[in-house]
Each structure stands twice: as C-alpha cells, then as structure tokens.
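Asker: This structure is in structure tokens; I'll ask about it shortly.
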Amino acid sequence: MGGPIHYSSDFLTDKSAKIFVAGHGGLVGSAIVRKLQSLGLTNLVLRSHSELDLTRQSDVESFFAAEKPQYVILAAAKVGGIHANNTYPADFIAINLQIQTNVIDSSFRHGAKKLLFLGSSCIYPKLAPQPIPENALLTGPLEPTNEWYAVAKISGIKMCQAYRIQYKWDAISGMPTNLYGPNDNFHPENSHVLPALMRRFHEAKVSKAKEVVVWGTGSPLREFLHVDDLADAVVFLMDKYSGLEHLNVGSGKEVAIKELAELVKEVVGFEGELVWDTSKPDGTPRKLMDSSKLLGLGWTPKISLKDGLVDTYKWYVENVVKQ
Ligand SMILES: NC(=O)C1=CN([C@@H]2O[C@H](COP(=O)(O)OP(=O)(O)OC[C@H]3O[C@@H](n4cnc5c(N)ncnc54)[C@H](OP(=O)(O)O)[C@@H]3O)[C@@H](O)[C@H]2O)C=CC1
Ligand SMILES: C[C@H]1O[C@H](OP(=O)(O)OP(=O)(O)OC[C@H]2O[C@@H](n3cnc4c(=O)[nH]c(N)nc43)[C@H](O)[C@@H]2O)[C@@H](O)[C@@H](O)C1=O
C-alpha cells in the first residue's frame with residue numbers, strides 16, 4: 001500500500017477550522033468532542049440523529065452545501081454487540097453503507113480538506129493471524145455473527161482509498177478495537193460485553209441476586225481500548241497521518257471474557273456467582289490487532305483496563321443509575 005502522502009497538517013494549529021463530528025452524541029463521538037474542545041478546537045458543527053439523519057442523501061447534501069466543514073470525523077454508525085449484529089443483519093449493512101457513502105461523498109463534493117472514517121477490528125477474517133496486521137484484510141472468511149457490519153466497514157475503507165486514488169483526496173481510515181467508557185450503550189441485549197456486564201452486575205448487586213448470567217463459554221479473547229485513548233488516536237491521525245492504508249488502533253492487550261467478567265464483577269462489587277449461557281454465541285475466538293504502524297508514528301494508549309473500568313463504573317453510577 002502507498003505510504004503517507006507528505007503534507008503539512010494544520011489540523012491542530014488552525015483553531016478556526018470548522019470540524020464536523022458525525023455521531024457526536026455517541027460513545028466515540030462524545031469522546032472526540034471532549035478531546036477537540038480540550039485542545040481549543042471549538043469551531044465544531046454537530047448534528048444529532050434527529051436533526052440530521054445521515055442515511056438521507058439529500059439531507060446530507062444540503063447540510064454539507066450549507067456548512068462546508070474543512071474537516072470531517074465520521075463516528076456515526078449503526079453499532080451494537082454480538083447479539084444485535086446477529087439479529088439485525090439488514091440494519092447493520094444497509095444503515096452503515098448509507099451513512100458512510102453519503103458522508104464520504106458529500107464531504108469530498110463540498111471541499112472538505114480531510115475525512116477520517118472509523119471501521120472496526122471485526123473487518124478481519126475470523127481466523128486471521130494474531131496479532132492481526134492491516135494486510136490481513138480480505139484474506140479469509142469473516143466472523144458470521146457480524147459479517148454484515150464488517151462488509152459495510154470494509155466498503156468504507158475501500159471508498160476512502162478510491163477517493164484518494166481518483167481525486168487525490170485526503171481520506172483516511174482508522175480501525176479501533178473493542179471500545180468502552182463514558183456514554184457507552186448499556187442496553188441489556190444490544191450492547192457490547194463490557195457495558196452489558198457492568199449494568200448486569202450493578203443491578204444484581206442492588207437486588208442482592210445470587211447469580212449473574214454471562215453469555216457464551218467465557219473462552220474468547222478480546223482487546224479493549226478506553227474511548228479517551230481512541231479520541232487521542234483520532235486527533236493524532238487527523239494531524240499526522242495521510243495514507244492509503246487503514247491503521248489499526250488497539251491497546252495491544254487482550255483478556256479472556258471470563259477474566260473480563262471477573263474484573264467487572266470486582267469493580268462493581270457483586271459477590272454472587274457467574275452462570276454461563278452457552279446458547280449465546282462466542283463470536284470470533286480472538287481479534288488482537290497489531291497496531292505497530294500507528295505506534296511507530298508515535299501514538300501510545302495510556303489508560304489501563306482496570307483504571308478504565310473504575311472510571312467507567314463511576315460514570316455509570318453518576319449518569320445512568322441516578323437518572
Ligand atoms: N463501540 C465499539 O466497541 C467500537 C466502535 N467502533 C466504531 O466507532 C464509531 C462510533 O461507534 P460508537 O460511538 O460505539 O457508537 P454509538 O452507537 O455510541 O454512537 C453512534 C452515533 O451515531 C449516531 N447515528 C446512528 N445512526 C445515525 C443516523 N442514521 N444519522 C445520524 N446519526 C446516526 C447515533 O445517534 P443515535 O444514538 O441518536 O441514533 C450515535 O450518536 C462507529 O463507526 C463504530 O463502528 C469501532 C470499534 C469498536
Ligand atoms: C466491537 C465489535 O463488537 C462485536 O463483536 P464482539 O467483540 O464479539 O462483541 P461483544 O462485545 O458483543 O461480545 C464479545 C464476547 O463477549 C461475550 N459476552 C458475554 N456476556 C455478554 C453480554 O452480556 N453481552 C454481550 N454483548 N457479549 C457478551 C460474547 O458472547 C462474545 O464472546 C461486533 O459485533 C462488532 O460490533 C465489533 O466490531
């Protein structure tokens with residue numbers, strides 16, 4: 001793949017530049033907004049899902065014609081855990097293809113200088129070599145429980161590459177690993193494992209339940225990154241990276257789901273038993289990414305899983321439980 005295109009980034013220095021953070025209200029988008037504001041980048045244009053449905057091409061075109069943001073960070077998507085992905089395949093492929101196609105194309109047509117597209121580690125083959133390098137993409141069959149979402153995300157990477165090749169346009173892609181943190185989705189069925197267990201253990205502690213059900217066998221391994229570390233990586237990529245290839249964004253540390261469940265149980269302070277529901281899918285056995293290319297550019301994650309869990313549980317109790 002082509003190396004970085006040499007350019008002098010003024011992403012961090014041009015404080016007046018208008019930045020559109022699509023999906024600003026979500027786990028990732030809200031962390032990116034916090035990070036940008038902390039850096040004095042406050043000329044942000046933000047639209048909630050109800051204000052601007054990014055699946056509606058004509059509405060997206062009108063928005064870009066009116067706002068003409070210089071930078072676009074695409075953190076809007078239809079997102080969910082293994083059960084949601086496995087249950088709503090049409091939503092996960094159609095909505096994500098519509099959002100990303102509309103935003104990438106309109107960003108280009110209305111003169112954005114740069115766009116960052118966010119994919120996910122689920123784009124890689126189910127049995128990719130571990131840790132997974134970027135060039136493992138499209139080298140084998142996908143994990144069936146989220147192949148619909150994965151195909152949409154792979155198409156987003158390819159669309160950014162195609163616009164760079166045909167139009168010499170600075171579109172880049174980042175592939176985050178499993179994320180967690182403040183403002184996550186804590187839905188009992190449709191969320192990812194970490195917030196799902198945090199909520200279930202908290203509710204079990206309060207109700208003095210004897211046991212908590214955890215899905216699958218507990219043996220799959222997952223890599224986790226705190227969303228504030230991801231937001232730091234997003235700003236780093238916007239400022240320092242311009243290349244054809246997508247870059248992995250991971251913590252480099254994996255944990256078995258059983259170990260994660262024990263950790264969340266300890267942080268929440270639940271003292272009952274775990275019961276494993278093996279009727280629920282395990283999904284891919286491992287998806288630890290090789291993030292050495294991004295690390296080689298100078299970025300490093302800073303928040304440990306234990307510290308991140310404590311921070312997230314504090315946020316959960318103060319912002320979700322007390323609502
Ligand atoms: N969470 C994770 O573990 C990982 C996430 N990612 C990627 O990070 C990005 C953000 O994910 P995350 O923050 O977790 O997801 P969230 O669901 O927390 O946030 C997604 C945001 O997109 C908005 N959105 C959804 N559909 C539309 C639409 N049609 N029009 C406008 N806005 C819409 C949502 O608004 P509303 O809620 O009101 O619908 C929400 O604000 C995604 O690209 C995802 O693939 C990558 C790897 C891991
Ligand atoms: C980010 C990534 O996230 C998704 O992939 P995933 O990593 O498999 O997602 P997950 O967090 O939902 O599950 C991780 C593991 O955890 C186990 N598990 C136990 N108990 C619960 C539980 O209560 N809820 C959930 N959701 N999982 C549970 C579960 O059985 C599985 O073995 C992709 O769809 C896609 O969205 C994507 O890219």
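In the UniProt record's numbering, the protein residues as written are 1 to 323.
Don't be surprised by glycine CBs; every beta carbon is placed ideally from N, CA and C.
Once you ignore the five residues that flank residue 2 on each side, which residues in its own chain have a CB closer than 7 Å to its CB?
Answerer: Residue confidence for residue 2 is low, a pLDDT of 45 falling below 50, so the modelled location carries little weight; the figure read from the coordinates is stated next. Excluding positions up to five away in sequence, the list reads 243, 244.
Asker: Give a single yes or no on whether residue 121 has its beta carbon closer than 8 Å to a heavy atom of ligand 2.
Answerer: Yes, ligand 2 has a heavy atom inside 8 Å of this Cβ.
Asker: How long is the line joining the alpha carbons of residue 258 and residue 75, rounded to whole angstroms?
Answerer: For residue 258 and residue 75, the distance between alpha carbons rounds to 30 Å.
Asker: Under 9 Å, do residue 247 and residue 262 count as touching if we go by C-beta distance?
Answerer: No; because the gap between Cβ atoms is not below 9 Å, this pair is not in contact.
Asker: How would the residue list near ligand 1 read, in chain order, if you kept each one whose beta-carbon is closer than 5 Å to any heavy atom?
Answerer: Per the Cβ criterion, the list is 23, 25, 26, 27, 28, 49, 53, 54, 55, 75, 76, 77, 79, 118, 120, 176, 178, 179.
Asker: Compute the minimum distance between the beta carbon of residue 194 and the heavy atoms of ligand 2, and state whether it is under 8 Å.
Answerer: Checking every heavy atom of ligand 2 against the Cβ of residue 194, one is found closer than 8 Å.
Asker: Any contact of the segment 70 to 90 with the segment 15 to 23, i.e. 3+ C-beta pairs under 8 Å?
Answerer: Counting Cβ pairs under 8 Å, three or more are found: they touch.
Asker: How about the segment 82 to 91 and the segment 132 to 146: do they share at least three Cβ pairs that are nearer than 8 Å?
Answerer: Enough Cβ pairs lie closer than 8 Å, so yes.
Asker: Tell me residue 132's beta-bridge partners as DSSP assigns them.
Answerer: Residue 132 pairs with 289.
Asker: Hey, how far is the Cα of residue 93 from the Cα of residue 156?
Answerer: One C-alpha to the other measures close to 11 Å.
Asker: What's the call for residue 249, buried or exposed, on a 16-neighbour Cβ count within 10 Å?
Answerer: When all chains shown are included, residue 249 counts as buried.
Asker: Is any non-hydrogen atom of ligand 2 found closer than 8 Å to the C-beta of residue 191, if you look at the structure I gave you?
Answerer: For ligand 2, at least one heavy atom lies less than 8 Å from the Cβ of residue 191.
Asker: Are there any heavy atoms of ligand 2 lying less than 8 Å away from the beta-carbon of residue 229, as far as the coordinates show?
Answerer: Not so, every heavy atom of ligand 2 lies at least 8 Å from the Cβ.
Asker: Tell me which residue opens and which closes the alpha helix (DSSP H) that residue 195 is part of.
Answerer: Taken as a continuous stretch (DSSP letters only), the alpha helix (DSSP H) holding residue 195 covers 193 to 206.
Asker: Going by the CB atoms, is the gap between residue 265 and residue 82 shorter than 9 Å?
Answerer: In this structure, residue 265 does not lie closer than 9 Å to residue 82 by Cβ.
Asker: Applying the 10 Å Cβ sphere with the 16-neighbour rule, what's the burial state of residue 109?
Answerer: Flag for residue 109 reads exposed.
Asker: Assuming contact is defined by CB atoms lying nearer than 9 Å, are residue 308 and residue 226 in contact in what I supplied?
Answerer: Yes, Cβ-Cβ distance for residue 308 and residue 226 is below 9 Å.
Asker: Under 8 Å: does the beta carbon of residue 83 sit that close to some heavy atom of ligand 2?
Answerer: Residue 83: yes, Cβ under 8 Å from ligand 2.
Asker: Give a single yes or no on whether residue 268 has its beta carbon closer than 8 Å to a heavy atom of ligand 2.
Answerer: Result no, Cβ not under 8 Å from ligand 2.
Asker: Does the beta-carbon of residue 146, which I'm using as the reference point, lie nearer than 8 Å to any heavy atom of ligand 2?
Answerer: Flag set: Cβ of residue 146 near ligand 2.
Asker: Going by Cα to Cα distance, which pick from 322, 283, 152, 228 is closest to residue 221?
Answerer: Answer by Cα proximity: 283.
Asker: Please go through the same chain and pick out, in chain order, the residues whose beta-carbon is closer than 7 Å to the beta-carbon of residue 252, but skip the five residues on each side of it.
Answerer: Excluding residues within five positions, the ones whose Cβ falls inside 7 Å are 291.
Asker: Check whether the segment 209 to 218 and the segment 150 to 165 touch, using three or more Cβ-Cβ pairs below 8 Å as the test.
Answerer: Result no; under three Cβ-Cβ pairs closer than 8 Å.
Asker: Below 6 Å CB to CB, which residues in the same chain sit around residue 124 once its five sequence neighbours on both sides are set aside?
Answerer: Contacts found: 132, 136.
Asker: How would you write the range of the beta strand (DSSP E) that residue 176 sits in, first residue to last?
Answerer: Unbroken beta strand (DSSP E) run through residue 176: 170 to 176.
Asker: Let me check you understand the geometry: is the CB of residue 261 closer than 8 Å to at least one non-hydrogen atom of ligand 2?
Answerer: Yes.
Asker: According to DSSP, is residue 248 part of a helix, a strand, or is it coil?
Answerer: If DSSP states are grouped into helix, strand and coil, residue 248 belongs with the strands.
Asker: Can you tell me whether residue 314 is buried or exposed? The criterion is at least 16 other CB atoms within 10 Å of its CB, across all chains shown.
Answerer: Exposed is the call here.
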